[in-house]
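Chains as they are written, first to last, in numbering that gives the first Met the number 0: chain S, 0 to 347; chain Z, 0 to 347; chain A, 0 to 355; chain F, 0 to 355.
Using N, Cα and C, we set each Cβ at its ideal position, and we do this for glycine too.
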Amino acid sequence: MTLKPVLAALDDDAAPLTHHQLRELYTLMAAVRHLDTAAVAWQRQGIIPGYAPELGQEAAQVGSGYAVDRARDFVFPTYREMGVARAMGVDMVGYMSTHKATWHGGMYNPLESRFAPIQAVVAGSVLHAVGWAHGQTLAGAQETGVAVTYFGDGASSQGDVHEAMNFAAVMKAPVVFFIQNNGWAISVPTERQVAGGSVAARAAGYGIPSLQVDGNDVVAVFEATRSALAHCRSGNGPVVIEAMTYRRGPHSTADDPGRYRTLDEERLGAGEDPLERFKQRLLADGVADEAFFAEAQRKAAEEEETIRAGIADLGPRPGAEMFSLVFQEPTPALQSQATAWREESEHA
Amino acid sequence: MTLKPVLAALDDDAAPLTHHQLRELYTLMAAVRHLDTAAVAWQRQGIIPGYAPELGQEAAQVGSGYAVDRARDFVFPTYREMGVARAMGVDMVGYMSTHKATWHGGMYNPLESRFAPIQAVVAGSVLHAVGWAHGQTLAGAQETGVAVTYFGDGASSQGDVHEAMNFAAVMKAPVVFFIQNNGWAISVPTERQVAGGSVAARAAGYGIPSLQVDGNDVVAVFEATRSALAHCRSGNGPVVIEAMTYRRGPHSTADDPGRYRTLDEERLGAGEDPLERFKQRLLADGVADEAFFAEAQRKAAEEEETIRAGIADLGPRPGAEMFSLVFQEPTPALQSQATAWREESEHA
Amino acid sequence: MPETTITEATATTAVGIQQLSMQQALNRALDEILNENPKTVIFGEDCGQLGGVFRITDGLQAKHGEARVFDTPLAESGILGMSVGLAMAGFHPIPEVQFDGFAYPAINQIVCQIARMNYRSRGTLPMPITLRVPSFGGIRAPEHHGESLEALFAHVPGLKVVSPSNPHDAYHLLKYAASRPDPVIFMEPKSRYWQKGPVDVGSADQDTAAHDGGTDDAGSLTGARVAREGRHLTLVAWGAMVSRCLQVAELAAEDGIDIEVLDLRWLKPIDAEALATSVGKTRRAVVVHEAPLTSGLGAEVAQLITQSCFATLKAPVERVTGFDVPYPSGDLEDEYIPNIDRILFGIQRVLEYRRG
Amino acid sequence: MPETTITEATATTAVGIQQLSMQQALNRALDEILNENPKTVIFGEDCGQLGGVFRITDGLQAKHGEARVFDTPLAESGILGMSVGLAMAGFHPIPEVQFDGFAYPAINQIVCQIARMNYRSRGTLPMPITLRVPSFGGIRAPEHHGESLEALFAHVPGLKVVSPSNPHDAYHLLKYAASRPDPVIFMEPKSRYWQKGPVDVGSADQDTAAHDGGTDDAGSLTGARVAREGRHLTLVAWGAMVSRCLQVAELAAEDGIDIEVLDLRWLKPIDAEALATSVGKTRRAVVVHEAPLTSGLGAEVAQLITQSCFATLKAPVERVTGFDVPYPSGDLEDEYIPNIDRILFGIQRVLEYRRG
Ligand SMILES: Cc1ncc(C[n+]2csc(CCOP(=O)(O)OP(=O)(O)O)c2C)c(N)n1
Ligand SMILES: Cc1ncc(C[n+]2csc(CCOP(=O)(O)OP(=O)(O)O)c2C)c(N)n1
Ligand SMILES: [Mg+2]
Ligand SMILES: [Mg+2]
């Protein structure tokens, strides 16, 4: 039996976050909270057909995304990582375009954003992260780039997650497996999903060090992620982080959580709101004052305005893209389908 | 983090094996060794097109198969569980028919034998065991039947094994996951296959108790299996057993192990032969004498003769079975294919 | 479409005949199956308390208990692999995969295990599994939620595949599938879940209800169904495309073109006789499906027609299908799924075909 | 078959032209690809030290190092999922699945990820992945080692699919596939691995070698190849069925029937022009494949032919294929795979076809 492995670089002597950084974290969380709430409203107003809110997961997402080095790391999201995207500076109109039903995966440039296309297959991209990370090893850079793959408690049940962890550990690939355990996979609570109760606990079986962290504490999440990245960067292989948080809203705008949990259960499970909690801490520590919070709120609203305008401007993509973007080198058969489609559309 | 779970019923006060049982175990191992060696020879002689030997795994297979209760348990083998089949009294001509290329999966009756069809997909039947076991729970019997699923160190890398362990633990299904860690998956050694070095170590992550056992010690394997079965039978959920053993021969009669391991490595890795070791123990304990071993050998040879004769008698199955065994209720389309096939065969 | 004009108030019109949505018809069928066969178990992701994301299993856990209707962890291979074991233990599983695109992680268990266990075991281990798959597109959903896997399933020896196009068929075909000893892939046209139609809940055998505007009086549960009779051309379709083809037929009728619509229903085995009868009469055919063109089931249907009607066929069978592109995002899905115009163009090509 | 008569001694006959088995040709192609493209990585189960169970990667790890040619743990979804990430990082992966039947556990990654990533990412994340799959039957192997998955792959938007029938094509098509920016499923006919044939190892572009008894002088790498010219009927085949069809053609010639054999090579996109040209001339066609009949690629081929040649076709296209049954055990595989007799019967049906 193996002993529980530990992180090689515990990041103990990494510099603590500056006041500026702490405020930046809050500003990001406020922007994310605002945009997330807005997107749910957009769906009700018919501006977008659907959305997967991340209400309650702002600390987990912003804290981890903020730690990523956009010069060398690469992030593999699910369909619920809007906060990570925002923290990494991904173009948010491009991001939201997937929810506008403009283009599956989004319209931002994933290579430039260091943020892979939005992924709708649960656990679909976890293995991609391992492959990308092994590519960094093969490229042989010192202080290598790290792949950060996000997935949920539900996703942890998929075979691909196991294959990914085993591959990563065998190959010592620089991957951070970042689990947001938000208590639910649609209607199924973690206790009926994750045998043993913890995804992080599985890491030991592969000899992978793991960190279970309070996912509603943005600073704790940031520090855990920074440690994990440092561990991977120095060639020590993968790390598992399990951020314990709570999905305060519905699974998606199509979901009806009243069918499987009561408002009371919701309140109990969710605990303290990560934004409010961080705000109180910043106030108590004298890092920020009410004027700062008001300003963060104002900026968030402004940002939402811009994004909503961008979304409205998007318009449907030209149908020709259905054909032209399938291959790098389109086939004659597909080109003639495109021609037939164009002719029939014009004559209809 | 969970503590390492332990077996509920450690079987400490189960009766020790009687001398009669110990001799029976040896007789079985001798029969299996002989038949296994013979089957490799049969392949060279062109009697069968291929075979997957289990040389070196007799203790793991006979010890575990002997513990199974054929009145209520059900075994899910791979393609390398001839020793389990023999210990459970499966019809060995029916068993060998798969290697004769008579019928994929074998010709024995799996329901009556309590031994599922031979499975060529690595990890293919691990989930079946979980489903079957959950069926026992649903049927609600006291002292329920247990599913025993066999798989290898290589198979442990498959996503299905993870899904199976998680399902089994969430549902508390009465399953024994019996891993024969024989050091190799074709040419890949366990250390480049199983991250962390041990399949059993993964069980803790699911809250499943596990036993890592000397797979070359038939009594140790028997006792571990008996404990695990008792644990499952009393409604305590699944158990993982990892029997540490060694594949002394090639992966299959088509394999050339000289390409990936030397004879020296083979000798070192294999350790002491499980048959020889058990023989010495029986001699030392006065359980058996040389006459007994000679008799076991004679019976094994006789048994091989009968099986070889049975195999020779098998003959190809009627081609009509290709069609008639696809469905319980054949479709008209398939019936007309069968008719066309028959007519063309007759007129060719 | 008759069913769109039916209001809640008329929901129960006569003894035996009920106005139900396909969601209600399927839910009712499952409820009855659970009542009638104690070996039935229903499971999948969110099937229990939530009643499934489409509410097909709504209320069934509360009524029949957590042992018979239950949620699994989120793993499709696990769900289907577990079904094999349950079937081996004598149960009749009705698993669900939440959406078509999430059947892919389970394909190994479906193709190599469910479809082959009866064969491999020489008939001793039948697989009476009905796999429900909410299928096809048209609901502006996220990626992988609008796929058509029928060509894949139909190619797999050992599987039977069926897709209802209306509530009546949904009810009867599901009850029929679940009562059979072989594995059936049951493809539910998710865009039709909420359309109501008459369901004769008493008539498992006669199947005499007028449904979906169809005129079929004799269709048995195992074959195709003539959804509309016509003389000039046969439109072959299944699932959600059937109602679209009926719309097209109405439009064509205005131009004096009398179109027969054949609802294939069974995608494996295909009712080759029904194809031969219909096209033997009309001498022209267009097959319509949402799946991509190449190697789609339309090729098989076209070839079966050509094989049986070659001598009398007036034009090669046309295919109006999805394109050879990944199913697009909502904004483009009406460009992708065969629309009325594209089907009319296909009909026109056949009608205007001249040899040489 | 010319290649079966060639002995070891004649292995190098001329500058540029080599007598190689398909195994040797593929091995050599991979070696050259590794030399020419530093971004290439080869991996899979037992690909490294063992050189693969069919020795296609023999010696490559020793020569190019463990970083570029390596064994993975035993998990096909892992292998293909990892390929996606490597491609995103700029590599050109050439993964192997050990046998056709073990592609199923990877189908989710192949269909939902590899085939769609270029589309999903709007062309920013191309997937230059060549997936090698030892394919088809005929070697008396265990279950799941004799499958034909081309219909499944060809139906998937975003994939290209190719299968060589002889060493020359194997060498050139593999080099070609690996040099392209799109994902290619490379289906190797495992029963042909050990048959030798001439390979023009210099001529990537001209493709002028006479190979496999064929007479094609102009076939480009991207289209089908006329393996034998004929006037009376076209046999369409791919993979291991090509040499069988050539045998059939020789037998038929004794009866004065002059058969054209078209080696389709690309199964997606299919060379519809080559089909039209050949059958436009012969007016009769039979398509032959090992995969089960229903929804097999033969339906697509037949329909493409019917579509283009309807006016001149003398008989409906016949399909001689595997049956709709799981691939059987060795003792029955000669009953399952289209044999010479069954192909001749198919030809006879077409030749004797009379309208009405
Ligand atoms: C392979 C697959 N199966 C099923 C689904 C349908 N589905 C979408 S999200 C979801 C729950 C995911 O739960 P979790 O991984 O915990 O992430 P969360 O939604 O909580 O962020 C399910 C079942 C899917 N998208 N992909
Ligand atoms: C899904 C799948 N992938 C690949 C193979 C090919 N294969 C057969 S046995 C084997 C190695 C299995 O190793 P292990 O699980 O350790 O069992 P052992 O052979 O050592 O008994 C491989 C790769 C297979 N049969 N099934
Ligand atoms: Mg969750
Ligand atoms: Mg092994």
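- Contacts with chain S at 7 Å (Cβ-Cβ) include V169 of chain Z.
- For D159 of chain Z, the nearest CB of chain A lies under 7 Å from its own CB, placing it at the interface with that chain.
- Relative to ligand 2, F101 of chain F has its C-beta within less than 6 Å of a heavy atom.
- The residues P125, M126, in chain order, have a CB closer than 6 Å to that of N117 of chain F in the same chain once the five nearest residues on each side in sequence are set aside.
- Straight through space, the alpha carbons of H33 of chain S and A300 of chain S are spaced by roughly 7 Å.
- In this structure, the CA atom of T261 of chain Z is about 13 Å from the CA atom of W183 of chain Z.
- DSSP places D168 of chain A inside the alpha helix (DSSP H), whose first and last residues are 166-178.
- Secondary structure within the stretch 79-146 of chain A: the alpha helix (DSSP H) runs of 4 or more consecutive residues, fully enclosed, are 116-119 (chain order).
- Taking non-hydrogen atoms of ligand 1 into account, the C-beta of G153 of chain S is found less than 6 Å away from one of them.
- When secondary structure is reduced to three states using DSSP, P273 of chain Z falls in the helix class.
- Within chain A, the C-beta atoms nearer than 9 Å to that of L137 of chain Z come from V40, A66, R67, L85, A88, F90, in chain order.
- By the C-beta density criterion, S335 of chain S is exposed, having fewer than 16 other C-beta atoms within 10 angstroms.
- Taking a Cβ-Cβ threshold of 7 Å, the residues of chain S close to G195 of chain Z are T1, A168, G204, Y205, G206, in chain order.
- Residue contact check for T311 of chain A against chain Z: no CB pair falls below 7 Å.
- The alpha-carbon of V235 of chain F is positioned some 24 Å away from that of D199 of chain F.
- A239 of chain F places its beta carbon 7 Å or farther from that of D262 of chain F.
- Under DSSP, V68 of chain A shares a beta bridge with A:I41.
- DSSP places A236 of chain A in the uninterrupted beta strand (DSSP E) bounded by 232-236.
- Using beta-carbon distances, A319 of chain Z does not count as an interface residue toward chain F, since no partner is under 7 Å.
- Remark: fewer than three beta-carbon pairs, one from each stretch, lie closer than 8 Å, so the stretch 308-316 of chain F and the stretch 250-257 of chain F are not flagged as touching.
- Boundaries cannot be given for H250 of chain S, as no alpha helix (DSSP H) includes it and DSSP labels it neither H nor E.
- M81 of chain A belongs to the set of residues whose beta carbon lies under 7 Å from a beta carbon in chain Z.
- Annotation for A119 of chain S indicates a beta carbon at 6 Å or more from all heavy atoms of ligand 4.
- Pairwise C-beta distances place the stretch 124-133 of chain S in contact with the stretch 72-92 of chain F, as three or more of them are shorter than 8 Å.
- Within the stretch 124-200 of chain S, the complete alpha helix (DSSP H) segments at least 4 residues long are 125-138, 158-170, listed from N- to C-terminus.
- For the options A:I93, A:A86, A:G84, A:M87, the alpha carbon positioned closest to that of D70 of chain A is the one of A:I93.
- At least one heavy atom of ligand 2 is found less than 6 Å from the C-beta of A184 of chain Z.
- When DSSP states are grouped into helix, strand and coil, M240 of chain F belongs to the helix group.
- Judged by beta-carbon spacing, A115 of chain S lies within the 7 Å limit of F75 of chain S, meaning their Cβ atoms are closer than that value.
- When only Cα atoms are considered, R115 of chain A and A146 of chain Z end up about 21 Å apart.
- Ranking S:V218, S:L282, S:S63, S:T36 by CA distance to the CA of A51 of chain S puts S:T36 first.
- When Z:H103, Z:P109, Z:H133 are compared, the shortest CA-CA separation from R119 of chain A is found for Z:H103.
- The nearest non-hydrogen atom of ligand 2 is less than 6 Å from the C-beta of R79 of chain Z.
- Secondary structure of G62 of chain S (DSSP, three-state): helix.
- In the DSSP annotation of this structure, T293 of chain F is not part of any alpha helix (DSSP H), being labelled neither H nor E.
- Separation of H250 of chain Z and L245 of chain F (C-alpha to C-alpha, rounded to the nearest whole angstrom) is 37 Å.
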